[in-house]
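K.L.:
In our numbering, the protein residues as written are 1 to 379. Input: one structure, supplied below.
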Ligand code: P1T
């Protein structure tokens with residue numbers, strides 16, 4: 001089955017009681033039992049919910065995985081993955097990553113005795129140099145947030161497999177439509193479902209997909225034991241969102257390419273970060289491991305003046321200024337004060353994230369209007 005058909009049908013059957021074609025919202029906290037322990041497979045809604053089950057199976061199919069497990073947010077999913085480890089275990093993460101991921105690692109799990117190293121993994125040799133006997137997991141984003149760097153999943157997976165450790169890929173920026181990390185050797189793929197999978201900026205959710213049965217069982221145990229589950233209404237909204245994922249992603253990619261080319265040709269723009277541009281250092285790799293370049297574009301202006309960057313962000317009329325990404329509407333974000341504010345400034349700058357960087361989530365509006373808005377805002 002091809003992707004668009006899977007998005008609409010995989011794991012989804014008409015409701016067995018009524019034939020409803022759309023998966024019902026099972027808005028219930030518990031299920032009536034005939035006799036203690038004698039029930040229809042559902043006991044309590046933190047543990048199982050039919051709406052959530054359908055979404056989990058659909059997500060697993062989209063990532064070519066066997067097991068899908070949903071959480072109350074992307075960070076809820078990250079929290080569950082980090083709970084697979086013990087004090088003394090070391091995790092190596094790519095140095096360009098979502099600020100909240102850095103924060104949960106350094107300010108929560110480091111307190112519990114896990115250790116973290118942040119390494120630039122767009123060169124896989126850097127991973128080889130950083131590995132120690134204590135390293136148990138490697139965590140990457142690709143494309144990275146917010147600098148759109150491309151990490152070679154296959155090359156990193158070859159190293160983690162040789163060492164017998166896990167590779168987690170945060171696939172939020174690509175979505176399963178553009179990239180399937182499990183096929184390239186990752187052990188676990190995670191998503192902020194809040195973004196492209198939900199697609200309409202109306203839900204916060206996270207998901208994990210894996211083919212490793214032992215890891216899936218442990219994560220399901222953590223999902224129930226720790227309790228960060230999404231509600232059934234949110235599961236319904238995401239199931240609805242996913243039905244158009246392939247169509248939305250095609251338009252996100254087309255629009256972002258045109259926006260990137262426009263920015264590249266603008267005399268006031270100094271640098272454009274978009275893997276679809278031929279001069280992007282990860283362009284050839286992106287072409288190989290992705291099926292398109294995605295909807296995220298970052299840029300800086302000549303002179304690196306913060307007030308000038310702020311003025312541009314205040315001047316948009318079609319792009320809305322706000323955190324998040326992946327919705328149908330275009331958004332503009334200032335990573336240094338918003339999504340990446342929890343990473344200390346020295347760390348951010350060491351990784352190449354300037355305070356003047358502007359990040360765009362290019363929506364699926366008419367691209368002429370988006371370019372017109374950029375034209376008037378940049379001036
Ligand atoms: O927001 P939440 O659903 O908890 O997901 C966290 C998360 C994880 N991974 C990546 C790559 C992300 O971008 C995010 C959330 N990011 C934003 C809110 C943002 O604007 O970048």
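Built from N, CA and C at the ideal position, the CB exists for glycine as well.
Check whether the Cβ of residue 177 lies closer than 7 angstroms to any heavy atom of the ligand P1T, and answer yes or no.
P.N.:
As a working mapping, residue 177 is identified with position 177 in the chain shown. No - the ligand P1T has no heavy atom lying nearer than 7 angstroms to the Cβ of residue 177.
K.L.:
Alpha carbon to alpha carbon, what distance is there between residue 300 and residue 380?
P.N.:
This structure cannot settle anything about residue 380, because the visible part of the chain is limited to 1 through 379.
K.L.:
Just reading off the beta strand (DSSP E) that residue 68 is part of, what are its end residues?
P.N.:
In the chain shown, the residue the question calls residue 68 occupies position 68. 67-71 is the extent of the beta strand (DSSP E) around residue 68.
K.L.:
With hydrogens ignored, establish whether the beta-carbon of residue 339 is closer than 7 angstroms to any heavy atom of the ligand P1T.
P.N.:
Sequence index remark: in the chain shown, residue 339 carries index 339 (1-based). For the ligand P1T, at least one heavy atom lies less than 7 angstroms from the Cβ of residue 339.
K.L.:
Does the Cβ-Cβ distance between residue 114 and residue 91 come in under 8 angstroms?
P.N.:
Numbered from 1 along the chain shown, position 114 holds the residue referred to as residue 114. Numbered from 1 along the chain shown, position 91 holds the residue referred to as residue 91. Contact: yes.
K.L.:
So, at 7 angstroms on beta carbons, what are the nonlocal neighbours of residue 328 in its own chain, with the 5 sequence-adjacent residues on each side left out?
P.N.:
Here the question's residue 328 lines up with position 328 in the chain shown. Closer than 7 angstroms at Cβ, skipping near neighbours: 199, 200, 248, 363 and 364.
K.L.:
From residue 160 to residue 16, what distance separates their C-alpha atoms?
P.N.:
For the purposes of this step, residue 160 is taken as the residue at position 160 of the chain shown. For the purposes of this step, residue 16 is taken as the residue at position 16 of the chain shown. For residue 160 and residue 16, the distance between alpha carbons rounds to 43 angstroms.
K.L.:
Tell me which residues share the same chain as residue 142 and place their Cβ nearer than 6 angstroms to its Cβ, disregarding the 5 neighbours each side in the sequence.
P.N.:
Sequence index remark: in the chain shown, residue 142 carries index 142 (1-based). Once the five neighbours on either side are set aside, the close Cβ partners of residue 142 are 150 and 151.
K.L.:
So, under 8 angstroms CB-CB, residue 361 and residue 321 are touching, yes? Tell me the CB distance rounded to an integer number of Å.
P.N.:
Within the chain shown, residue 361 is the residue found at index 361, counting from 1. Within the chain shown, residue 321 is the residue found at index 321, counting from 1. Rounded, the Cβ-Cβ distance is 11 angstroms, inconsistent with contact.
K.L.:
Run the CB neighbour count on residue 32, radius 10 Å, all protein chains shown included, and call it buried at 16 or more, exposed below.
P.N.:
In the chain shown, counting from the first residue as 1, residue 32 sits at position 32. It counts as exposed.
K.L.:
Pick out whichever of 254, 315 and 267 has its Cα sitting closest to the Cα of residue 277.
P.N.:
Looking up residue 277 in the chain shown gives position 277. Comparing Cα-Cα distances from residue 277 to each of 254, 315 and 267, the minimum goes to 254.
K.L.:
Closer than 7 angstroms: is that where the CB of residue 122 sits relative to any heavy atom of the ligand P1T?
P.N.:
The residue you call residue 122 lines up with position 122 of the chain shown. No, the ligand P1T has no heavy atom inside 7 angstroms of this Cβ.
K.L.:
What is the rounded straight-line gap between the Cα of residue 209 and the Cα of residue 183?
P.N.:
As a working note, residue 209 is residue 209 in the chain shown. As a working note, residue 183 is residue 183 in the chain shown. Distance between the alpha carbons of residue 209 and residue 183: 12 angstroms.
K.L.:
For residue 83, which option in 357, 222, 292 and 344 has the closest C-alpha, if you only look at C-alpha atoms?
P.N.:
By 1-based counting over the chain shown, the position of residue 83 is 83. Checked all of 357, 222, 292 and 344; the closest Cα to residue 83 is 222.
K.L.:
What are the start and end residues of the beta strand (DSSP E) that includes residue 90?
P.N.:
Along the chain shown, one-based indexing puts residue 90 at 90. Element bounds for residue 90: 90-94.
K.L.:
At 3 residues or longer, and completely inside the stretch 176-242: list those beta strand (DSSP E) runs for me, N to C.
P.N.:
The stretch 176-242 contains these whole beta strand (DSSP E) runs: 188-192 and 206-210.
K.L.:
Check whether the Cβ of residue 351 sits closer than 7 angstroms to any heavy atom of the ligand P1T, and report yes or no.
P.N.:
In the chain shown, counting from the first residue as 1, residue 351 sits at position 351. No, since every heavy atom of the ligand P1T falls outside the 7 angstroms radius drawn around the Cβ of residue 351.
K.L.:
Go through its chain and collect everything with a Cβ distance to residue 270's Cβ below 7 angstroms, but skip five positions before and after it.
P.N.:
For the purposes of this step, residue 270 is taken as residue 270 along the chain shown, with counting starting at 1. So the qualifying residues of the chain are 300, 301 and 302.
K.L.:
Could you give the DSSP three-state label for residue 166: helix, strand or coil?
P.N.:
Stepping through the chain shown from its first residue, residue 166 is reached at position 166. In this structure, residue 166 counts as strand in the three-state DSSP scheme.
K.L.:
Given residue 45, which residues of its chain have a CB within under 7 angstroms of its CB, disregarding the five upstream and five downstream residues?
P.N.:
For the purposes of this step, residue 45 is identified with residue 45 of the chain shown, where counting begins at 1. Cβ neighbours of residue 45 beyond the five flanking positions: 28, 29 and 30.
K.L.:
Identify, in the order they occur along the chain, each residue of the same chain with its Cβ nearer than 8 angstroms to the Cβ of residue 66, setting aside the five sequence neighbours on each side.
P.N.:
The residue labelled residue 66 in the question sits at position 66 within the chain shown. Around residue 66: 60, 210, 211, 213 and 216.
K.L.:
Which of the three DSSP states is assigned to residue 144 in this structure?
P.N.:
Locating residue 144 in the chain shown gives position 144, counting from the first residue. Coil at residue 144, not helix or strand.
K.L.:
Bridge partners for residue 117 per DSSP, in chain order?
P.N.:
Taking the first residue of the chain shown as 1, we reach residue 117 at position 117. Partner(s): 92.
K.L.:
So what does DSSP say about residue 33, is it helix, strand or coil?
P.N.:
Counting from 1 along the chain shown, the entry for residue 33 is found at position 33. Three-state DSSP puts residue 33 in coil, outside helix and strand.
K.L.:
Would you mind working out which of 333, 233 and 371 sits nearest residue 26, comparing C-alpha positions?
P.N.:
For the purposes of this step, residue 26 is identified with residue 26 of the chain shown, where counting begins at 1. The shortest Cα separation from residue 26 among 333, 233 and 371 belongs to 233.
K.L.:
Measure the C-alpha to C-alpha separation of residue 63 and residue 19 and round it to an integer number of angstroms.
P.N.:
Here residue 63 is taken as the residue at index 63 of the chain shown, counted from 1. Here residue 19 is taken as the residue at index 19 of the chain shown, counted from 1. Answer to the nearest angstrom: the Cα atoms are 27 angstroms apart.
K.L.:
Below 7 angstroms, is the gap between the Cβ of residue 299 and the nearest heavy atom of the ligand P1T?
P.N.:
As a first step, residue 299 must be located in the chain shown, where it is residue number 299. Not under cutoff, so the answer is no.
K.L.:
To the nearest angstrom, how far is it from the Cα of residue 187 to the Cα of residue 127?
P.N.:
Locating residue 187 in the chain shown gives position 187, counting from the first residue. Locating residue 127 in the chain shown gives position 127, counting from the first residue. Going from the Cα of residue 187 to the Cα of residue 127 covers about 17 angstroms.
K.L.:
For residue 49, which residues from the same chain have a beta carbon less than 6 angstroms from its beta carbon, with the 5 sequence-adjacent residues on both sides left out?
P.N.:
On the chain shown, residue 49 is found 49 positions in, with the first residue counted as 1. Hits under 6 angstroms: 26 and 232.
K.L.:
From this set, 81, 110 and 316, which residue's C-alpha is nearest residue 138's C-alpha?
P.N.:
Position 138 of the chain shown, counted from the start, is the residue given in the question as residue 138. Among 81, 110 and 316, the Cα nearest to that of residue 138 belongs to 81.
K.L.:
Quick check on DSSP: helix, strand or coil for residue 44?
P.N.:
Position 44 of the chain shown, counted from the first residue, corresponds to residue 44. Residue 44: strand per DSSP, three-state reduction.
K.L.:
For residue 348, tell me which candidate among 23, 103, 73 and 169 has the shortest Cα-Cα distance.
P.N.:
Within the chain shown, the letter at position 348 stands for residue 348. Nearest option by C-alpha distance: 103.
K.L.:
Taking the alpha carbon of residue 154 as the point to measure from, which residue in 12, 181 and 89 has its own alpha carbon closest?
P.N.:
The residue labelled residue 154 in the question sits at position 154 within the chain shown. Nearest of 12, 181 and 89 to residue 154, Cα basis: 181.
K.L.:
CB of residue 265 to nearest heavy atom of the ligand P1T: below 7 angstroms?
P.N.:
Residue numbering aside, residue 265 sits at position 265 when the chain shown is read from its first letter. Flag unset: Cβ of residue 265 not near the ligand P1T.
K.L.:
Who are the near neighbours of residue 95 in its chain, counting only those whose CB is closer than 7 angstroms to its CB and skipping five residues on each side?
P.N.:
If you number the chain shown from 1, residue 95 lands on position 95. Same-chain partners within the cutoff: 118, 119, 120 and 351.
K.L.:
Taking only heavy atoms of the ligand P1T into account, decide whether any of them is closer than 7 angstroms to the Cβ of residue 55.
P.N.:
What you label residue 55 is simply residue 55 of the chain shown in a count that begins at 1. Every heavy atom of the ligand P1T is 7 angstroms or more from the Cβ of residue 55, so no.
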